[in-house]
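Pasting the structure below:
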């Protein structure tokens, strides 16, 4: 009987140890699952590492006493569109609502977002973000009065454009009655206007011209002169 009792006790101890090991293994497994859940695999989840690009933007507010300065903003390119205008909109929406610039069509049609990007006058909606440099510098169009931040005063530019009377004027007043039909033009004459009528008056070319910088009150500038020539070449005008 004593031998049988001894065997029974040994069996009971063995089962207790096995159960303890099983519970220990199960606890380890649960802990591993929780740890894995708290640290998701980037490859499995599709999450990308941040791709930070810095934008140094000209800032000036006429209502503040502070002098013009450059403000730096970080942007994760993984969460931003490919154009500089995309970055500007993201900065304004998420970091600095007071940062001011013009924009409208986002398709290179209206010319509103003209500015100086990394030393070149261009449209922000058509300028790809340079991913090879650490920072992109953005300034207003050069040698123009600044209204605020990246917004310049284009009043003189538009006054000059208005001065050339940029609309169709018939050679003899009343020589063509538009109520009686179209004012037709040959394909050859129409072709002469190619390369001129596409101008969107963004002022990038004029504000890149040193002669326009120094004599904007006298010199019409390349954009307005080209527009004048466009009407001179029009056979209907």
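Residue numbers (full-length UniProt numbering): 1 to 237.
Think of the CB as a built atom: it goes at the ideal place given N, C-alpha and C, for glycine as much as any other residue.
Does residue 181 pass the burial test, meaning 16 or more other C-beta atoms within 10 Å, or should it be called exposed?
Here residue 181 refers to the residue found at position 181 when the chain shown is read from its first residue. Exposed is the call here.
Are the CB atoms of residue 138 and residue 228 within a distance shorter than 7 Å?
On the chain shown, residue 228 is found 228 positions in, with the first residue counted as 1. On the chain shown, residue 138 is found 138 positions in, with the first residue counted as 1. No, the pair does not count as a contact, with Cβ atoms beyond the cut-off.
For a quick check, are the C-beta atoms of residue 239 and residue 75 less than 7 Å apart?
Only positions 1 to 237 of the chain appear in this structure, which leaves residue 239 out of reach.
To the nearest angstrom, how far is it from the Cα of residue 53 to the Cα of residue 70?
Taking the chain shown and counting its residues from 1, the one referred to as residue 53 is at position 53. Taking the chain shown and counting its residues from 1, the one referred to as residue 70 is at position 70. One C-alpha to the other measures close to 16 Å.
When you compare only the Cα positions, how much space is there between residue 35 and residue 77?
Counting from 1 along the chain shown, the entry for residue 35 is found at position 35. Counting from 1 along the chain shown, the entry for residue 77 is found at position 77. Low confidence applies to residue 35: its pLDDT is 47, below 50, so where it sits in the model is not reliable, and the reading given next is rough at best. Straight-line Cα distance between these residues: approximately 30 Å.
Going by the beta-carbon positions, is the gap between residue 235 and residue 223 smaller than 7 Å?
Working through the chain shown from its first residue, we reach residue 235 at position 235. Working through the chain shown from its first residue, we reach residue 223 at position 223. Not a contact, by the Cβ cut-off of 7 Å.
Is there contact here, the segment 104-124 with the segment 188-208, by at least three beta-carbon pairs under 8 Å?
yes
Which stretch, first to last residue, makes up the beta strand (DSSP E) that contains residue 54?
Here residue 54 is taken as the residue at index 54 of the chain shown, counted from 1. Here the beta strand (DSSP E) through residue 54 covers 52-59.
With residue 237 and residue 169 assumed to form a contact (beta carbons below 8 Å), what rounded beta-carbon distance in angstroms separates them?
Taking the first residue of the chain shown as position 1, residue 237 is located at position 237. Taking the first residue of the chain shown as position 1, residue 169 is located at position 169. Their Cβ separation, rounded to whole angstroms, is 6 Å, which keeps residue 237 and residue 169 in contact under 8 Å.
For residue 84 and residue 66, I'd like the C-alpha separation in whole angstroms.
Residue numbering aside, residue 84 sits at position 84 when the chain shown is read from its first letter. Residue numbering aside, residue 66 sits at position 66 when the chain shown is read from its first letter. Computed Cα separation, rounded: 26 Å.
Residue burial classification, residue 121 (beta-carbon count within 10 angstroms, cutoff 16)
For the purposes of this step, residue 121 is taken as residue 121 along the chain shown, with counting starting at 1. Buried, by the Cβ-count rule.
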